[in-house]
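Positions in the sequence shown are counted from 1; adding 20 to them yields my numbering. Reviewing the structure listed below.
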Amino acid sequence: MTTHQKLYEGKAKIIYATEDPEIFLADFKDDATAFNAQKRGTIQGKGSINCTISSKLFQQLAAHGIKNHYIDSPAPNQMRVRAVKIVPLEVVVRNIAAGSLCKQTGIPQGTMLENPLVEFYYKDDNLGDPLLTRDRLRLLKLATEEQVESLINLALQVNNFLQDFWKKCGITLVDFKLEFGLDSQQQLLLADEISPDTCRLWDINESDPNQRIMDKDRFRRDLGKVEDAYQAVLQRVLQVLT
Ligand code: TMP
């Protein structure tokens, strides 16, 4: 294979150009960071696990009419994707209170939310990815009004699909983060990844608040058995899809 030009290196992935300007190659790393990279580590096998889980979910989402950047996966830790310009927003959907929502509002962890909460964060590490209000979104012109409406609708559709899917895996979808991009036709596509790095996933059959965690919170909070949890999520995804 020819050596591709590195276009971007993030905390969990490297994006390469390919011979086709409409296609990028995403290389998923085992590197793990938390708290805006103040905490760093490695989760053995994470690159392949997250790439495989994301590939499967993107294929399922496409089959359910949700356009996304996935093309194919030439290696377990590599994904060929449609070339998009990432919209600098992290779109978070929450079904159950956890993480920063609890820290910032005092809502007890584990509280079921009456309706899914859709939030926008400014994807900017130097600023610490701050939570945006609708007016600040407008002020910063990070997306048009129409795009914001589409992002909310798409995020809620993805939530409906993912809640069902993870339930089949014996997993409760607590919350998750999505990123979107614009292709050369200015079409909005779901992008980035959907994995235990970007979702909070709780084992349905486990009531212990720490034992049930099957996602990156195990790494963030030093709960141990991080690799085991990621591996277990992958196995359940594969089982549901066979
Ligand atoms: P939060 O509770 O820390 O705001 O996280 C909400 C969701 O977003 C959770 O599923 C983890 C995910 N997330 C990311 O994927 N990347 C990030 O940088 C952060 C802060 C959260």
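The beta carbon of each residue, even a glycine, is placed where N, CA and C say it ideally should be. Since we're looking at a predicted model, the values are computed, not measured.
Item to check | Those residues which DSSP pairs with GLY61 across a bridge | outcome: The residue labelled residue 61 in the question sits at position 41 within the sequence shown. Beta-bridge pairing links GLY61 to ALA52.
Checklist entry - For TYR28, does the count of other Cβ atoms within 10 angstroms reach 16, so buried, or fall short, so exposed? => result Your numbering for residue 28 matches position 8 in the sequence shown. The residue is exposed, with fewer than 16 neighbouring Cβ atoms inside 10 Å.
Item to check | Contained beta strand (DSSP E) runs [length at least 3] in the stretch 118-166, N- to C-terminal order | outcome: Correct list: 132-142.
Next on the checklist: At a cut-off of 8 angstroms, would you count CYS71 as near ligand 1, judging by its Cβ distance to the nearest heavy atom?
Outcome noted: Locating residue 71 in the sequence shown gives position 51, counting from the first residue. Incorrect: CYS71 has no Cβ contact closer than 8 angstroms to ligand 1.
Next on the checklist: Just list the residues that DSSP pairs ALA37 with in beta bridges.
Outcome noted: In the sequence shown, the residue the question calls residue 37 occupies position 17. Looking at the DSSP output, ALA37 shares a beta bridge with PHE44.
Item to check | heavy atom of ligand 1 below 8 angstroms from GLY201 C-beta | outcome: Here the question's residue 201 lines up with position 181 in the sequence shown. GLY201: no, Cβ never under 8 angstroms from ligand 1.
Checklist entry - Can VAL113 and ALA175 be called in contact, C-beta distance under 9 angstroms? => result Residue 113 sits at position 93 when you count from the first residue of the sequence shown. Residue 175 sits at position 155 when you count from the first residue of the sequence shown. For the 9 angstroms CB-CB criterion, VAL113 and ALA175 form a contact.
Checklist entry - Where GLN58 and ILE86 are concerned, what is the direct C-alpha to C-alpha distance, given to the nearest angstrom? => result What you label residue 58 is simply residue 38 of the sequence shown in a count that begins at 1. What you label residue 86 is simply residue 66 of the sequence shown in a count that begins at 1. The alpha-carbon atoms of GLN58 and ILE86 are separated by roughly 34 angstroms.
Next on the checklist: Count Cβ pairs between the stretch 123-133 and the stretch 57-77 that sit closer than 8 angstroms; are there 3 or more?
Outcome noted: Counting Cβ pairs under 8 angstroms, fewer than three are found: no touch.
Item to check | Where CYS189 sits in the DSSP three-state scheme | outcome: Locating residue 189 in the sequence shown gives position 169, counting from the first residue. In the structure shown, CYS189 sits in coil (DSSP, three-state: anything other than H, G, I, E or B).
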